[in-house]
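What the sequence shown shows, in this note's numbering, is residues 1166 to 1415, in sequence order.
Glycine included, every Cβ here is placed at the ideal spot set by N, Cα and C.
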Amino acid sequence: MNNDFTGKVAIVTGSSRGIGRAIAETLAAGGTQVVVNYAKDLEGAKKTVDAIVSKGNTASMFQADVSVLSQAEDLINYTLDKYGNLDILVNNAGTTRDQLIMRMSEEDWDLVLRVNLKSTFNCCKAAIKPMMRKRYGRIVNISSVSGIAGNAGQTNYSASKSGVIGFSKSLARETAARKITVNVVAPGFIPTSLTNDLPDELKEQTLSHIPLGRWGEPEEVAEAVVFLAGEAAGYITGQVLNVDGGMVMA
Ligand code: NAP
């Protein structure tokens, strides 16, 4: 399998902790030069960069709220200026504001759609021109099993994550002729700061629906992302890869 990332340049949005950090570290371990993006968590972003650099690999960080188009453009321009290139874009930044629809505020609907879906549009829009010009690109967007199967209390989150899937399939069709692939990874339940605060009862209930009988690890999601970002996945586009212990089977 040809998965040499030497000389490749990647952006991982929201890589100051959790799944994004694992993706950044795994890409860097393969030789990718990684731009670690964060919105607020400066200390976390530093930790990701330090973890990569301490292993002799290359990373730098860039603060940008990618739900704002101009800041997403700044992130892409920083990467092009610093490394002269952009091969891989991983749209991982995400958030939740869980609530039953009866109690969900308009603000929480808008915020989740903006951070999870509009950020993906923003970064892809800014990255697509340089990728088109180069006739090469790997885009991996992070969705969720909630965007496939739905989840009570997550109408906003599920809508945003389904949106990521539809968006990715359309973009995959638009860009295939220029050898740019666009794929989706849909994690199941992965312990991170996003899931820490869920009620124990809900965690137990979720566990009972996972055939492999355990939560996933951020590193297991990262391995799937890195596969889709590599040369070996060059004939795969517009696909959704679930990393969920079998929780959702098509
Ligand atoms: P996490 O630990 O809360 O990390 C979220 C990351 O996104 C942080 O680095 C955060 O950095 C960043 N972020 C949030 N808003 C941002 C913005 N506007 N601009 C730039 N960065 C932003 O969450 P996680 O569990 O690792 O989730 C990563 C992705 O996986 C998300 O898309 C999530 O929906 C998806 N996912 C997670 C699970 C799970 O079980 N954990 C399951 C399915 C899908 P700052 O604090 O600096 O903003």
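Among the bridge pairs identified by DSSP, residue 1302 is matched with 1345. The beta carbon of residue 1315 is closer than 8 Å to those of 1323 in its chain, skipping five residues each way along the sequence.
With fewer than 16 other CB atoms across the displayed protein chains lying within 10 angstroms of its CB, residue 1370 is exposed. Counting the other CB atoms within 10 Å of its CB gives residue 1341 a total below 16, which places it among the exposed residues. For secondary structure counted as the alpha helix (DSSP H) over 4 or more consecutive residues, the stretch 1169-1223 holds these complete runs in sequence order: 1183-1194 and 1207-1218. Annotation for residue 1388: no residue places its beta carbon closer than 6 Å to its own, counting only its chain and skipping 5 residues before and after.
The continuous alpha helix (DSSP H) containing residue 1313 extends over residues 1311-1314. A residue is called buried when at least 16 other Cβ atoms come within 10 angstroms of its Cβ; residue 1168 does not meet this threshold and is exposed. Minimum Cα-Cα distance from residue 1284 among the listed residues 1401, 1233 and 1377 corresponds to 1233. Just measuring C-alpha positions, the residue of 1356, 1180, 1368 and 1306 sitting nearest residue 1199 is 1180. Excluding sequence positions up to five before and after residue 1175, its CB lies within less than 6 Å of the CB of 1192, 1197, 1199 and 1253, all in the same chain and listed in chain order.
Taking 9 Å as the cut-off, the Cβ atoms of residue 1301 and residue 1343 count as close.
Within the DSSP secondary-structure output, residue 1228 pairs in a beta bridge with 1203. Considering only 1188, 1286, 1415 and 1288, the residue with the shortest C-alpha distance to residue 1213 is 1188. Judged by DSSP in its simplified three-state form, residue 1408 adopts strand. Judged by DSSP secondary structure, residue 1281 falls outside any alpha helix (DSSP H); it is assigned neither H nor E. Taking 9 Å as the cut-off, the Cβ atoms of residue 1218 and residue 1202 do not count as close.
In the three-state DSSP reduction, residue 1393 falls in the helix class (H, G or I). At the C-beta level, residue 1277 and residue 1258 stay beyond 9 Å of one another. According to DSSP, residue 1250 shares a beta bridge with no other residue. Within the DSSP bridge table, the entry for residue 1352 names 1408 as partners.
Closest in C-alpha terms to residue 1382, from the list 1408, 1397, 1372 and 1271, comes 1408. Distance from the C-beta of residue 1204 to the nearest heavy atom of the ligand NAP is below 8 Å.
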